[in-house]
DNA sequence: ACTCAAAATTGTTCCGAACACTTCTGTAGG
DNA sequence: CCTACAGAAGTGTTCGGAACAATTTTGAGT
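Given below as structure tokens:
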């Protein structure tokens with residue numbers, strides 16, 4: 025039984041789209057909370073809960089006694105905003121997708137470089153195992169899950185918590201819209217690259233590890249951009 | 025006139041510390057909203073607003089009809105969580121700071137590489153200008169502001185919106201705790217590196233640009249870690 | 001034209017109630 | 001004895017209204 029969507033979530037979604045969709049200029053006043061509640065036919069408390077989330081994302085600025093104002097997400101928004109600009113009402117934004125994949129590729133390559141110097145024995149073993157299992161996955165969903173498990177282990181092995189958190193932000197997009205990301209595992213020729221990466225990390229060869237990950241991610245990138253284009 | 029802290033902000037802060045401070049195991053039930061409201065002596069609506077922010081950060085999972093449960097921030101938390109783990113109640117976490125600076129260095133180097141191939145004429149000019157102005161800053165605060173302006177322009181020139189958003193997440197730490205980050209501009213010998221970086225980007229030399237930024241960031245990193253150690 | 005107090009506007013917090021969903025419990029039926 | 005189901009209990013969700021606090025606007029008085 026699909027539980028009914030929360031009222032505050034609906035309000036959040038509407039405001040999010042209005043702001044990210046450019047229906048408000050940065051600095052422009054938002055309608056008052058009372059007005060929003062009346063227009064949307066909901067209680068003011070629900071509006072406030074939605075506003076608190078927008079405030080957490082730094083999409084709006086609220087000042088007691090004054091109006092709420094929208095902020096320039098490109099200037100103040102954090103990484104968690106990316107999902108909302110990738111999938112706006114207008115559909116998938118391909119230039120944002122390209123940027124996302126490029127950033128992913130560069131960061132994973134750097135993580136591989138770090139991992140080659142820091143990975144524990146267990147991490148090296150698990151990476152090797154996952155590299156073998158990814159190509160053997162039954163369907164796209166399983167392959168995606170294994171691919172992400174591989175990347176998660178890789179980033180974990182880099183020993184840098186910041187990259188871990190960045191990957192977490194990306195993971196949400198990956199799984200919330202799994203169908204759109206099937207392309208990352210669709211390309212043939214990926215299997216040897218997983219193995220090359222795992223081997224280089226186990227061998228403690230930073231440059232080779234980074235190269236392998238860059239190649240792997242670039243191939244996934246190509247496949248995905250073609251699939252969605 | 026410092027406006028009094030909001031009730032929901034106070035609740036948010038307390039819960040945030042409890043969760044990030046490890047006072048709850050991942051998956052453990054949180055007290056009920058009614059209980060929290062009673063214990064903290066506040067209204068339930070204020071608790072809910074705080075919870076919505078925690079939910080946005082994916083620090084808690086709320087299920088209608090069931091209890092609220094804390095999530096493992098290391099597994100689900102996005103980049104925006106970093107600030108709360110860097111500055112917990114126990115003070116500044118130096119290992120997290122080291123990770124942050126390392127990730128910053130690697131990403132800025134990659135941004136410089138991209139920028140060398142994509143920067144507009146105006147961006148190249150502004151980078152060169154900022155490179156000249158940074159060393160001439162009157163005090164630490166001004167130097168920090170110029171340093172960040174330089175990095176902002178650099179990331180902007182990389183043409184990748186994901187890196188822009190990541191930098192935004194980092195900027196908050198930078199400015200909300202400006203005193204702790206004075207070290208980034210304290211090191212002598214930074215001035216020529218800014219110029220080298222700007223020149224390489226203007227010349228369209230990716231490898232040189234990446235190298236210059238890596239050196240620059242590494243020097244800042246050293247200065248900051250020494251200053252806070 | 002300027003100053004300052006009052007009014008209007010807007011966000012903030014509170015209270016109490018009703019509703020919706022999940023889990024627990026105890027009873028009836030097998 | 002065990003299962004299945006209805007009811008009770010527990011918890012999050014939404015609502016309506018009221019009072020409070022901070023800012024902005026207004027207007028009277030100088």
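Chains as they are written, first to last, in our numbering: chain U, 25 to 253; chain V, 25 to 253. Just so you know, even glycine gets a beta-carbon here, dropped at the ideal spot from N, CA and C. Remember, predicted model here, so these are calculated numbers, not experimental data.
Compare the C-beta of residue i with all C-beta atoms of chain U and state if any pair is closer than 8 Å.
i, result
"residue 80 of chain V", "yes"
"residue 239 of chain V", "no"
"residue 177 of chain V", "no"
"residue 32 of chain V", "yes"
"residue 190 of chain V", "yes"
"residue 88 of chain V", "yes"
"residue 126 of chain V", "yes"
"residue 123 of chain V", "yes"
"residue 38 of chain V", "no"
"residue 44 of chain V", "no"
"residue 160 of chain V", "no"
"residue 193 of chain V", "yes"
Beta-carbon within less than 7 Å of residue i's beta-carbon, same chain only, minus the 5 sequence neighbours each way: which residues are those?
i, result
"residue 238 of chain V", "129 and 133"
"residue 104 of chain V", "81 and 193"
"residue 167 of chain V", "158, 161 and 209"
"residue 112 of chain U", "41, 44 and 45"
"residue 72 of chain U", "57"
"residue 122 of chain V", "249"
"residue 258 of chain U", "The structure shown has nothing for residue 258 of chain U, since chain U only spans 25 to 253."
"residue 30 of chain V", "none"
"residue 230 of chain U", "137, 140 and 141"
Could you please give me the residues that DSSP links to residue i through a beta bridge?
i, result
"residue 86 of chain V", "V:92"
"residue 111 of chain U", "U:116"
"residue 14 of chain V", "Because chain V here runs from 25 to 253, residue 14 of chain V falls outside it and cannot be looked at."
"residue 53 of chain U", "U:93"
Using the Cβ count rule (16 or more neighbours within 10 Å means buried), how would you classify residue i?
i, result
"residue 116 of chain V", "exposed"
"residue 213 of chain U", "exposed"
"residue 144 of chain V", "exposed"
"residue 184 of chain U", "buried"
"residue 203 of chain U", "exposed"
"residue 89 of chain U", "exposed"
"residue 76 of chain V", "buried"
"residue 150 of chain V", "buried"
"residue 96 of chain U", "exposed"
"residue 171 of chain V", "buried"
"residue 155 of chain V", "buried"
"residue 201 of chain V", "exposed"
Would the C-beta of residue i count as close to the ligand FMN, meaning under 7 Å from any of its heavy atoms?
i, result
"residue 84 of chain U", "Of the ligands one can find in the structure shown there are none, so the ligand FMN has no counterpart to examine."
Closest Cβ-Cβ distance between residue i and chain V: below 8 Å?
i, result
"residue 71 of chain U", "no"
"residue 101 of chain U", "yes"
"residue 232 of chain U", "no"
"residue 187 of chain U", "yes"
"residue 105 of chain U", "yes"
"residue 1 of chain U", "Because chain U is modelled from 25 through 253, residue 1 of chain U falls outside the range shown and cannot be assessed."
Whose C-beta lies closer than 8 Å to the C-beta of residue i among residues of the same chain, with five residues either side of it excluded?
i, result
"residue 78 of chain U", "36, 39, 40, 43 and 84"
"residue 243 of chain V", "211, 213, 214 and 217"
What three-state label does DSSP hand residue i in the structure shown?
i, result
"residue 212 of chain U", "coil"
"residue 30 of chain U", "coil"
"residue 144 of chain V", "coil"
"residue 47 of chain U", "coil"
"residue 182 of chain V", "coil"
"residue 35 of chain U", "helix"
"residue 241 of chain U", "helix"
"residue 127 of chain V", "helix"
"residue 81 of chain U", "coil"
In its own chain, which residues sit with a C-beta less than 6 Å from the C-beta of residue i, not counting the 5 before and 5 after it?
i, result
"residue 234 of chain U", "133, 136 and 137"
"residue 207 of chain V", "247, 248 and 251"
"residue 124 of chain U", "none"
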